[in-house]
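Reading the sequence shown from the start, the letters are residues 1212 to 1651 in our numbering.
Structure, as structure tokens:
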Amino acid sequence: MTTCGTVLAVVAIVCPLAMAQSWRDDFDAAKLDGRWTWYVPVPGPTISLTERPGWLRLSVPQTDKGFNHWVAEQRAPFLMTAAPDGDWDLTARVTLSDFKPNANLHLALVVGFSDTQVLAWGPFLSKGIYPDMKGPTIWAEPTGQGAYIRTDVAPTNVELQIAKRMDTYHLRHRSEGQKDWTTAGSWYGGGSKRLDAKTRIELKPQFVGLMGKSFAANPAGALDVDYIELQPAPPTAPAEPLKAAITIGQPTGRRLPPLQRGFFLEFIGHCIFQGIWDERLHNRKFVGPDTAGVVWKWEAMGQAKGYAADTREPYAEPQSQRIDLGQAEAGIAQRGLGLEQGTRYAVRVVVKAAGGARAVRVGLEDGQGALASQAFTLKGDDWQTHSCELTPARATKNGIFTVKAQGPGQLWVGAASLMRADNVQGYRRDMLELTKRAKP
């Protein structure tokens, strides 16, 4: 692959890595700087240094297929340069200069791991997929994780930053007149990712730059870029040297406690979660990707109008689970729980609501019906915590935990927990008793 100019082909992108060195492109020159490659898998998208002098304009036209990188045929264009090793801050000032209300677009600052696997941070719009959108705002999407971070920031003369710290990428924005950066969230991009049954890639940055993405046959738009800058991460202050002193004196005669030594425990398999820790729910704070708006490890329950992983109303960063309710009761559920008859289970949920959704019900079910439930009423519009105990009427190996409400309105669930009520500060009582008997 060439290091500058236009590449019109579908190829695997592998750029030579270099240590992070400072550079900045203000796009004031008559020609594109030699560091850049304009990678265009299919004709249509363009870049220009003359349509708005002093800015680079990335334009993506309307087409019947769109210019996407999540699909079998990679069509999204990239303006790219090699990603350095180490930690760095990638920064740009952008304005979404052209779009239609029905556009499907994501024109973004980008870190690329291949020509299909990227982390994109920039203006996004798609009312067809997300009907609640009122206009374009700044979003972050790793490939395959839609609406990973949503903000309400308008894409007009806004500075964007992707700050790489080891394998974590912090997504920041700063509007005109704002001095300090606002961190919208972060994404862990370490290790490897399986693309299909035969292909796995290492998530190591290969390039940085800009991406022009559109999807389906809707209009796209244009992004104006004032500058792009890469700076090595600021050095961390060196730790003060540790000092130790040993004083040898008369022995005290004290014996070492017999329980001073203990077992070794590590986060492997179910040693902690579904092991010594009593929590029965997976992903209890609703992090990670979603399917049709329902966050990973959870599923839809009932006839809701819609679901969303809502980054604008998070309880714990970066998102909460939102349920758009109609007249019927609906919510979310988690299956596969082992429940014992007559055992008390402590339930804790953090929720908020809008509209007519005020009565919230938590419950335990199985394939035959309800095992136990408890309703409570929400007051006000802020996050609030509700706790109760549920005792199943019968035992099951495939129990279901549910959080439901009746609308119309919206319900947000920020956190949920299900433990045996006799837990010891979160630990399983039976496991602690077994550990004592083992006399570690």
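Idealized CB from N, CA, C, for every residue including glycine.
Excluding sequence positions up to five away, which residues of its chain have a Cβ less than 6 Å from the Cβ of residue i?
i, result
"Cys1701", "Past the boundaries of the shown model lies residue 1701; the chain is included only from 1212 to 1651, so the question cannot be answered."
"Pro1430", "Gln1273, Lys1311 and Ala1314"
"Lys1647", "none"
"Thr1596", "Val1561"
"Arg1263", "Asp1435"
Just how far apart, CA to CA, sit residue i and residue j?
i, j, result
"Ile1340", "Phe1426", "11 Å"
"Val1364", "Phe1335", "11 Å"
"Glu1370", "Val1571", "41 Å"
"Lys1404", "Ser1325", "11 Å"
"Phe1484", "Asn1634", "14 Å"
"Thr1354", "His1317", "12 Å"
"Phe1475", "Cys1482", "10 Å"
"Ala1515", "Gly1480", "35 Å"
"Pro1416", "Met1642", "43 Å"
"Glu1352", "Lys1454", "46 Å"
"Leu1260", "Val1419", "19 Å"
"Tyr1438", "Asn1279", "24 Å"
"Pro1446", "Gln1328", "29 Å"
"Gly1473", "Met1344", "54 Å"
"Trp1594", "Leu1622", "11 Å"
"Val1436", "Ser1397", "23 Å"
"Leu1421", "Leu1267", "11 Å"
"Ile1457", "Pro1449", "25 Å"
"Ala1294", "Val1322", "8 Å"
"Gly1486", "Phe1478", "10 Å"
"Gln1461", "Pro1469", "22 Å"
"Phe1587", "Ala1283", "47 Å"
"Pro1366", "Leu1589", "35 Å"
"Trp1392", "Gly1547", "42 Å"
"Lys1198", "Gly1618", "Look at the range of the chain in this structure, 1212 to 1651, and you will see that residue 1198 is not part of it."
"Val1624", "Gly1277", "35 Å"
"Gln1532", "Phe1497", "6 Å"
Looking only at DSSP bridge pairs, what is residue i linked to?
i, result
"Cys1482", "Cys1482 is not bridged to any residue."
"Val1329", "Gly1323"
"Val1419", "Thr1292 and Val1322"
"Glu1370", "Arg1304 and Arg1385"
"Thr1394", "Arg1383"
"Arg1411", "Arg1405"
"Val1624", "Gln1532 and Val1562"
"Arg1631", "Tyr1556"
"Ile1543", "Ala1511 and Val1614"
"Ser1587", "A small fix is needed here, since residue 1587 is Phe in this sequence, not Ser. DSSP lists Val1571 as partners of Phe1587."
"Gln1442", "Asp1300"
"Glu1451", "Its beta-bridge partners do not exist; DSSP assigns none."
"Gly1580", "Asp1577"
Within the same chain, show all residues whose beta-carbon is closer than 7 Å to that of residue i, passing over the 5 residues directly before and after it, in chain order.
i, result
"Tyr1399", "Asp1378 and Thr1379"
"Thr1257", "Ser1270"
"Leu1492", "Gln1545, Phe1612, Ala1627, Ser1628 and Leu1629"
"Gln1285", "Val1221, Pro1252, Asp1326 and Thr1327"
"Gln1356", "Pro1500"
"Val1225", "Residue confidence is low: Val1225 scores 42 on pLDDT, short of 50, so the model does not pin down where it sits. Its coordinate-derived value is still stated next. Only Gln1417 meet the Cβ criterion."
"Ile1360", "Trp1350, Ala1351, Leu1382, Ala1395, Gly1396, Thr1522 and Pro1529"
"Gln1442", "Ser1233, Trp1299 and Asp1300"
"Pro1347", "Leu1307, Phe1310, Pro1334, Phe1335, Leu1336 and Pro1366"
Are the beta-carbon atoms of residue i and residue j separated by less than 8 Å?
i, j, result
"Asp1309", "Gly1432", "yes"
"Asn1368", "Thr1410", "no"
"Ala1303", "Leu1320", "yes"
"Gln1389", "Leu1301", "no"
"Arg1385", "Asp1298", "no"
"Gly1620", "Gly1566", "yes"
"Gly1401", "Leu1414", "yes"
"Arg1235", "Glu1440", "yes"
"Tyr1556", "Ala1626", "no"
"Gly1517", "Asp1501", "no"
"Lys1615", "Asp1592", "no"
"Asp1239", "Gly1265", "yes"
"Ala1519", "Ile1543", "no"
Give me, in chain order, the residues of the same chain whose beta-carbon lies closer than 8 Å to that of residue i; leave out the 5 immediate sequence neighbours on both sides.
i, result
"Asp1275", "Ala1428"
"Glu1490", "Phe1484, Ser1628, Leu1629, Met1630 and Gly1637"
"Met1237", "Met is not the amino acid found at residue 1237; the sequence shown has Asp there. Excluding positions up to five away in sequence, the list reads Gly1265, Asp1437 and Tyr1438."
"Trp1281", "Thr1327, Thr1354, Gly1355 and Phe1426"
"Gly1652", "Any question about residue 1652 goes unanswered here, given that the chain covers just 1212 to 1651."
- Message: For the structure I just gave you, are there three or more beta carbon pairs, one from the stretch 1545–1558 and one from the stretch 1524–1537, closer than 8 Å?
- Response: Contact fails: fewer than three Cβ-Cβ distances are below 8 Å.
- the stretch 1635–1643 touching the stretch 1531–1545, judged by at least three CB pairs closer than 8 Å: Because the criterion of three Cβ pairs below 8 Å is not met, the stretch 1635–1643 and the stretch 1531–1545 do not touch.
- Query: At a cut of 8 Å, does the stretch 1238–1253 reach the stretch 1282–1291 through at least three beta carbon pairs?
  - Reply: Between the stretch 1238–1253 and the stretch 1282–1291, the count of Cβ pairs shorter than 8 Å is three or higher; the stretches touch.
- Item | Three-pair Cβ contact test at 8 Å for the stretch 1577–1584 versus the stretch 1595–1611 | By the C-beta criterion, the stretch 1577–1584 is judged to be in contact with the stretch 1595–1611, since at least 3 inter-stretch pairs fall below 8 Å.
- Query: Using 8 Å as the Cβ pair cut-off and three pairs as the minimum, do the stretch 1562–1579 and the stretch 1500–1511 touch?
  - Reply: Because the criterion of three Cβ pairs below 8 Å is not met, the stretch 1562–1579 and the stretch 1500–1511 do not touch.
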